[in-house]
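Here the UniProt record's numbering is used: the first residue of the sequence shown is 1, the next is one more, and so on.
Note that the Cβ used here is the ideal one computed from N, Cα and C, for glycine as well.
Okay, structure first, notes after.
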Amino acid sequence: MTILRPYRSEDREEERIIELAYVRGVGPEPYAAGYPAHLHIDLLPEAQGQGAGRRLIQTLFTELRRRGVPGLHLGMDPANTSAAAFSERLGMQRLPGADGSLVYGIRLAALVPTRIRSTG
């Protein structure tokens, strides 16, 4: 069970680790205007290839569009070619990345709403 509690000084280390994701050159600043939403997704290997990731992300796209968010970006390890291919299948386009990073983005307003169907 998750228990919420007030912020404590020892939480700063975890906060600093999260900030490092943006300090390394893939931070939100270059993408904030056109792609303000930021995505992280990790599926266990046994859950991959079954449509769960696509359904999760399409559900997110739908909700972000409903809320008027213009776009979304995500960064990944350049060696993760399967994640890059997956992003492209979802309609994402490669964006300029800093320091050799691989960044993809999608303009949500341009998406045609699709009905998400279960494959199982």
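Can the beta-carbon of residue i be found closer than 8 angstroms to that of residue j?
i, j, result
"Gly71", "Ile106", "yes"
"Gly97", "Gly75", "yes"
"Arg54", "Leu108", "no"
"His73", "Leu90", "no"
Within the continuous alpha helix (DSSP H) that includes residue i, where are the two ends?
i, result
"Gln58", "Ala52 to Arg66"
Starting from residue i, trace the beta strand (DSSP E) in both directions and tell me its first and last residue.
i, result
"Arg107", "Leu102 to Arg107"
Between which residues of its own chain and residue i is the CB-CB distance below 6 angstroms, once the five residues before and five after are set aside?
i, result
"Pro36", "none"
"Thr119", "Below a pLDDT of 50, predicted positions are generally treated as unreliable, and Thr119, at 49, falls in that range; the measurement from the model is reported next regardless. Gly51."
Under 7 angstroms Cβ to Cβ from residue i, same chain only, skipping five residues before and after it: list those, please.
i, result
"Met92", "Tyr104, Gly105 and Ile106"
Taking DSSP's pairing of strands, which residues face residue i in a bridge?
i, result
"His38", "His73"
"Gln93", "Gly105"
Apart from the five residues on each side of it in sequence, which residues of its chain come closer than 8 angstroms, Cβ to Cβ, to residue i?
i, result
"Val69", "Pro36, Ala37 and Leu108"
"Leu39", "Ile57, Leu60, Leu72, His73 and Leu74"
"Val23", "No answer about Val23 holds up, because its pLDDT of 48 lies below 50 and its placement is not dependable."
Across the region 93-104 and the region 28-38, are there enough close Cβ pairs to call them in contact, namely three or more that are closer than 8 angstroms? yes
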